[in-house]
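Notes to accompany the following structure.
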Amino acid sequence: MKSIKVLPLVIVSSLIGAVVAVILIVTRTLPTQASAQATNIDNLYIYFLAFSGVIFGIVLIVLLVGVYRFRARPNDTREGKPIHGITWLEVLWTTIPFLIVVSCGAFGWYVLDVDDVSAEARKDGQNVHIVGYQFGWKYTYLNQEVGLQEQDQLVLPVNVPVRFELTTNDVMHAYWVPAWRMQMSTTPAQTNHTSITPTQTGEFEVICAFLCGVGHTGMNSSIEGSIIPKVRVVSQAEFEQWVAEQKAAAEQSTETAQTTDAAA
Amino acid sequence: MTTALKPTLARCLWTTPLFAVIAALAVVIVRNVLGMDPVVQMSTLLTFAYIFGSIGFIVGIGGFDYWWKWIIGSDIDPNDHSQHGAYSWRDYFRFNTDHKVIGVQYLVFVFTMFLVGGMFAMIFRSELARQGSEQVLTNQQYNSALSQHGAIMIFVFMVPVFAGIGNYVIPLMIGAADMAFPRVNAISFWMLPIAGFIFLSSFVFGSFDAGWTAYPTLQDQSPFGQTLFQIGVIIAGSSSIATAVNFLVTIVAMRAPGMTLFRMPLLVWSNLATSALVVAATPFVAGAMFMAMFDREMGTNFFTTAGNGSALAYQHIFWFYSHPAVYIMVLPGFGIISEVISTHARKPIFGYRAVAFSSAGIAVLGFSVWAHHMFASGLESWLRVPIMISTLLIAVPTGIKIFSWLGTVWDGVVRMTTANLFALGFIVAFTVGGLSGVMLAVVPFDVSITNSYFVVAHFHYVLFGGSMLTIYAGLYHWYPKVTGRMYNEKLGRWHFWLTFAAMNATFFPMHYQGLEGMPRRVSDYAAEFAWSNTMISIASFVLGASTLIMFYNFIHSARHGKPAGNNPWGGLTLEWMLSSPPPVFNFPVTPRVIGGPYRFGEEGAKHAIIPEVEPAEVEKVGA
Amino acid sequence: MSATTPDQHAAVPAPQHQPYRTGLDTNVMGLVIFLISELALFGAFFMYYAYMRTIRAVPYPGTFDIPAEATSINTLILVLSSFTCEFALLWLVRRNHWGVFGWLFVTFALGAVFLGLQVHEYMIIGFTPQDTAVGSIFYALTGLHGLHVFVGIVLLALAMVRAARNKWSPEKHTGLLAISIYWHFVDIVWVILFTVVYCLPGVVG
Ligand code: HEA
Ligand code: HEA
Ligand code: CUA
Ligand SMILES: [Cu+2]
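Protein chains in written order, with my numbering: chain A, 1 to 264; chain B, 1001 to 1623; chain C, 2001 to 2205.
Here it is in structure tokens:
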């Protein structure tokens, strides 16, 4: 049987791996990219798939070929070559993975950096305080001109950076909007921060991702019969209108309260 | 003396309740003296009853008899071997100091726990099989089943199972007669049934339902079962610390002459690294559990919001153990793979030193990455990037191992035994799990899918596709040595292919579910996940059923398998130079190691020799 | 166990573990490794303390200053006991087992006094384990150490029993050695604890 050269095999297998990677990339199924951040994170994911496919291809193909090429025949008493190592090869497969993971780190750090829009949000964006409780969310708009308290639904203007402050009074929850590629826990005894720029109008699922008791499953707007309102992203105009409505409603309730007091 | 007084399980039947009751009464009395009310505070009472009951069990089984004699200074014969070795099946059910017996005890016990933990998985998989909530389990029960599954699989299966394999094999491999501290060894085994019992008995008190990570402040809301979880973890942890000390001393001080560090089989190396990890890391989980327990039972404020406590602090301490723990759960597996592959590929391990040192590298790096479980938990933000980098770096030493195994297969003469099939399958599956791990290590990506099924997929690929397959490989590799008979290859192959296929069918789709937005630890899900979950559940039942093949194979072959002979695989390490099963005291005389452990392909190369001795000399050694 | 075991043993020669490659005393080695993991256990609590006091900046409950002065007496007592413990070993070399007994007893007594003062401190300190996280960790650290002292004096008592029955000899006294090492460990941990918990708060917040 003709012998197989290692290097050509590695190249071939990495090509096969690349094909696998391409397939994985084109068949990837992710929620819609409803935020500026989502795009970056998905690029990160595509990069992962790219090198993961290649690495996996190399491992798999080299293994299969090796096992087939060097399989033992029935009652075969031969022994393998007493090779205890090839230094340059070992150096190679130490340095290349090292470079790959370093590139991952660099890319990741970069994305982490550009995804953080909290500064812009503070300056001229929305600032929302989210309280997770068993089992739901309360939203308080911190900007003066909005100034809505204890809302049950999160409504945001599109293309405006938003900064979230998350906290809880009971147990840990995690505020997860897959379409935004954003998750942040509401950890007891502290306030966590995250920021996002919605780029798509519409309604998006909001999910509590952290086990928080018997109601954890239901704390998910995508579950059938869930009472958790989806997140709504609307145009600036609609947003202002919505704010006005909410304020009116709030006044209504207070007035009715006062009138009832007077009646009493 | 009557059996009720001899160190037997029979004696435990009264010592355990005795200690428990005494502890309970003591609590009542103390509370009475200090004028606390209510005087009978059930949960405190039970806590102490459980803790001292456990001690009572160890006393009953005979763990302390020897030291007691030693303390009161009555004469004891330091090499009285009456508790050593198994001459009938009964000897497996008593306090036995023979590392081979203990190894078997470990394996049998932890695999029963595996069945239990797996059954929990089967149960909640059947809840997940179809969309809609509370079909099979109430949400409460679902959380309990899930937590039991995680806790049992981690603390009383995956961590101790390697202690079991190591117990049987390591002393043989290094040419020792036994572990350094046989009695400690036996005690640390008998702690495990206690831990397992405590976990399961928690169902009487509403079980525990905060997940295997049991974060505060959710765990403060759980029923009393949660406290039992903490006690169980502390006991299981003490057990693995004791075992680790034992391994370290055994490996450092009891190697046969000529067994230099770089002549040690790689399983010994990885066990050395693992034991170091256990000794340094496990106390942290004990600490976390103690604090959490005090919060629940004594009203302290370590993690409560009211008393300025920090729930995040728990996560720091917990993961400072539990990340190293994941390497505790895979490093010995790496060692097994090195043994299996080089033996069945008839080729020296490729780059022995690199593989040995990479274990150490992983062990050291493993301490610097704990916070990658907390990227979305409000971790101190300056910690994110350093932790991301160190986590990513761990891929490098692990890669060295993977590639070295490929290099070992290359140019070998690969025998497709079941053991080897599992080893090769492990390489593929673990690479998948590792790669998804690397993705999770990158902060922005992690915070976009953490706590989703993507994570579940990751850790089942590394835990089942990784650790579990190495365990199978090890079992099939040393089964002939332990039982003296060959298992049925045909069934073995069936087991491998079914498990491997079903495993991928079960856990691979989970990546996609996670990416598309399915959170973990839920009993119901959006319509879009309906069909994929049905497929997964079916696959998982096949996966479960496939393990039954192995159990049948092993139990049946233990009687009817054809005799294996001393060295069915033609291995060179010391254990293969002994009869199978090995004699009660392993080596008639201490062997001499004269070369490396994997000298395949060299003409008449030997790893060690057992010097011939005159019977007279045997007697002298024996005296 | 089955009655046949003993004669079977006669049949099988039971070799010693000798010869090892290394002449290390396995017992002492095992103890040292165990103590390392004990240190890690304290480490968990110390790390929590550091985390809460620095990163979380949680103050001590209420208005109160830790009795560093009073406690320094305690520290002296414990340090002293470390020496008296060593004396026991010196007297062992002189094969004077009552001397060994005596010094062990002194050590035991000092340890007991330490515990007594510790408990007394708990009574006067002015806050309980339930008062804020720092209160909890204060009691946890001192309590965990106190527990170790307690185990220590129990071991010392046992050592005294054997000493009284003249069971220790300069040739065979690993047990005694082990107990003394453990006692020194407890002492060292206390010194660390004293500096971190009692002295530092005076310096930082
Ligand atoms: C056996 C157990 C085991 C092992 C070995 C690993 C290995 C790794 N794990 Fe895993 N992990 C778990 C068990 C394990 N994990 C568990 C149980 C959880 C969930 C806990 C819970 O929340 O319940 C978890 C969760 C978890 C998280 C948190 C996810 C989250 O909750 O958000 C992260 C994040 O960084 C992570 C990362 C890694 C990395 C980087 C490795 C690396 O060690 C992997 C290294 C291996 C490889 C990379 C493959 C082989 C290498 C090559 C072929 C070389 C070439 C490769 C490259 C260049 C990339 N793991
Ligand atoms: C060693 C570790 C280990 C192992 C081996 C397994 C094995 C399995 N795990 Fe495990 N799993 C964990 C560790 C492990 N798991 C951990 C740590 C968690 C996290 C818990 C948490 O979130 O707190 C988890 C969580 C977890 C989840 C996520 C649940 C959720 O988040 O809601 C799921 C979902 O499918 C799952 C499934 C399975 C399945 C199907 C198996 C199968 O491989 C099991 C196969 C084995 C058997 C079935 C037993 C033997 C067979 C029989 C007894 C025969 C009879 C049965 C039948 C024929 C049906 N596991
Ligand atoms: Cu709130 Cu899960
Ligand atoms: Cu980890």
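Ideal Cβ positions, reconstructed from N, Cα and C, are used throughout, including at glycine.
Cβ-Cβ distance between residue i and residue j below 8 Å
i	j	result
P97 of chain A	L156 of chain A	no
P1216 of chain B	L1277 of chain B	no
T1243 of chain B	A1163 of chain B	yes
A1214 of chain B	Y2051 of chain C	no
D1209 of chain B	Q1140 of chain B	yes
Y1168 of chain B	V1104 of chain B	yes
P1444 of chain B	I16 of chain A	no
V1438 of chain B	C208 of chain A	no
F2046 of chain C	V2151 of chain C	no
T186 of chain A	L166 of chain A	yes
Own chain partners of residue i with C-beta closer than 6 Å, once the 5 adjacent residues on each side are dropped
i	result
M1486 of chain B	P1480, G1561, K1562 and A1564
S1540 of chain B	R1125 and T1506
A1423 of chain B	I1337, V1340, I1341 and A1473
M1291 of chain B	F1302
N1185 of chain B	I1102, M1179 and N1246
L2117 of chain C	N2074
A1129 of chain B	T1534 and S1537
T1417 of chain B	H1344
H1084 of chain B	T1097 and D1098
Delimiting residues of the beta strand (DSSP E) encompassing residue i
i	result
E203 of chain A	G202 to F204
I196 of chain A	N192 to I196
Proximity to residue i [Cα-Cα], best of the options
i	options	result
E205 of chain A	A:T186, A:T191, A:W176 and A:Y139	A:W176
T1282 of chain B	C:D2025, C:N2027, C:R2165 and C:G2043	C:G2043
V54 of chain A	A:V20, A:L63 and A:K81	A:V20
V1542 of chain B	B:N1420, B:T1499 and B:M1036	B:T1499
A2061 of chain C	B:N1308, B:V1233, B:A1049 and B:F1284	Note on residue identity: the sequence assigns Pro, not Ala, to residue 2061 of chain C. Of the candidates B:N1308, B:V1233, B:A1049 and B:F1284, the one whose C-alpha sits nearest the C-alpha of P2061 of chain C is B:N1308.
V2032 of chain C	B:D1178, B:S1074, B:G1035 and B:A1280	B:A1280
S1054 of chain B	B:G1196, B:L1115 and B:A1176	B:G1196
T2026 of chain C	B:T1450, B:F1114, B:W1494 and B:L1248	B:L1248
F1334 of chain B	B:T1470, B:I1400, B:A1376 and B:A1276	B:T1470
M184 of chain A	B:L1365, B:W1014 and B:I1449	B:I1449
G2099 of chain C	C:Y2182, C:S2169 and C:G2126	C:S2169
E1602 of chain B	A:R78, A:A106 and A:V6	A:R78
L1331 of chain B	B:G1366, B:H1099 and B:E1575	B:G1366
V1589 of chain B	B:G1299, B:V1432 and B:L1172	B:L1172
W1382 of chain B	A:F56, A:I100, A:L112 and A:T94	A:L112
Close Cβ partners of residue i (< 7 Å) along its chain, the five nearest in sequence each way excluded
i	result
G1150 of chain B	G1211 and W1212
G1604 of chain B	none
A2010 of chain C	For A2010 of chain C, the predicted model reports a pLDDT of 37, less than 50, meaning its position is unreliable and no value from the coordinates is stated.
I1317 of chain B	F1284, G1287 and A1288
Residue i: first and last residue of the uninterrupted alpha helix (DSSP H) it sits in
i	result
N2074 of chain C	A2068 to V2093
M1173 of chain B	V1159 to M1173
N1488 of chain B	Here N1488 of chain B belongs to no alpha helix (DSSP H), and DSSP marks it neither H nor E.
H1099 of chain B	H1099 to L1128
H1344 of chain B	L1331 to H1344
W2168 of chain C	That residue, W2168 of chain C, is in no alpha helix (DSSP H); it is neither H nor E in DSSP.
S1188 of chain B	P1182 to S1201
V2191 of chain C	T2174 to L2193
Close Cβ partners of residue i (< 8 Å) along its chain, the five nearest in sequence each way excluded
i	result
I1076 of chain B	Y1066, K1069 and W1070
L1009 of chain B	G1060, I1061, F1093 and R1094
V1447 of chain B	F1375 and A1376
G213 of chain A	Q134, F135 and V171
Review point. Taking the runs of the alpha helix (DSSP H) that are 4 residues or longer, which of them lie wholly in the segment 1430–1474 of chain B?
Key: 1443–1449 and 1453–1462
Exercise for review: Could you pull out every unbroken alpha helix (DSSP H) segment of at least 4 residues lying fully inside the segment 153–178 of chain A, listed in chain order?
Suggested key: none
Exercise for review: Scan the segment 1039–1069 of chain B and note each continuous alpha helix (DSSP H) run of 4 residues or more that stays entirely inside, going in chain order.
Suggested key: 1042–1061
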